[in-house]
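Under my numbering, think of the first position of the sequence shown as 69, with each following residue one higher.
For glycine and all other residues, C-beta sits at the position ideal for the given N, C-alpha and C.
Below is one structure, written out as structure tokens, with a few remarks after it.
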Amino acid sequence: TPSFLLKRHTALNTNIANRIGDYAEFLFDANSVLVGLVVNRPIHPGTVYDRVVEYGGKFSKVQIKCVTKSRQGRSSYRAILTKSNSSIYKKSEVDYFAIYVMPEESWYIFPNEEKSTITFNGKNHSKYKNNWGILKCSRA
Numbered sequence: 069t070p071s072f073l074l075k076r077h078t079a080l081n082t083n084i085a086n087r088i089g090d091y092a093e094f095l096f097d098a099n100s101v102l103v104g105l106v107v108n109r110p111i112h113p114g115t116v117y118d119r120v121v122e123y124g125g126k127f128s129k130v131q132i133k134c135v136t137k138s139r140q141g142r143s144s145y146r147a148i149l150t151k152s153n154s155s156i157y158k159k160s161e162v163d164y165f166a167i168y169v170m171p172e173e174s175w176y177i178f179p180n181e182e183k184s185t186i187t188f189n190g191k192n193h194s195k196y197k198n199n200w201g202i203l204k205c206s207r208a
């Protein structure tokens, strides 16, 4: 396969992934406002977190992720919780992960436990499913 085709394919996949990420961030913003959170978006592109949400004077840093399909042959999902350089988000950098699950059209909001991946499903992780209230508490 010519190398220019591989580069084009990689660029196309990156473009699609960026659009899916933008969509998840838009949905996060809309849902956050609907539940009474104030949403702040950093203007510096190198910021580690995607959003800062505020409720009652308490702030939480949130990294938004998106899952587009379930694990092969299973009813569970796996999200990669690393930065673009594959390093783990430290608790001092991100308080929560908000993971949008496209097949369910639902959110799972997990506290940062400094893991590289998380495998979850609605049955065993129901307390995190659409739990916007968790963002109304500061981890600091």
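Using the beta-carbon count (16 or more within 10 Å), is ASN86 buried or exposed?
So ASN86 counts as exposed.
Looking at the strands, I want to know which residues DSSP matches up with ASN108.
VAL120
At 3 residues or longer, what runs of the beta strand (DSSP E) sit wholly inside the region 166-207?
174-179 and 185-188
Return the CA-CA distance between TRP175 and ASN189, expressed in angstroms with no decimal places.
11 Å
Rounded to whole angstroms, what's the CA-CA distance from GLY124 to LYS204? Just pull it up for me.
8 Å
Select from GLN140, ASN153, LYS158 and THR115 the residue whose C-alpha is nearest the C-alpha of LYS183.
LYS158
Apart from the five residues just before and just after VAL106, which ones in its own chain have a Cβ nearer than 6 Å to its Cβ?
Cβ within range, chain order: GLU122.
How big is the Cα-Cα spacing for TYR117 and ALA98?
Rounded to whole angstroms, the separation of the alpha carbons of ALA98 and TYR117 is 18 Å.
Taking the alpha-carbon positions, what's the LEU73 to SER154 distance?
Annotation note: pLDDT 40 at LEU73 (below 50); position unreliable, coordinate value reported separately. Their Cα atoms are separated by approximately 25 Å.
ASN192 and ILE177: beta carbons closer than 8 Å?
no
Indicate whether ILE132 and THR185 have their beta-carbon atoms separated by less than 8 Å.
no
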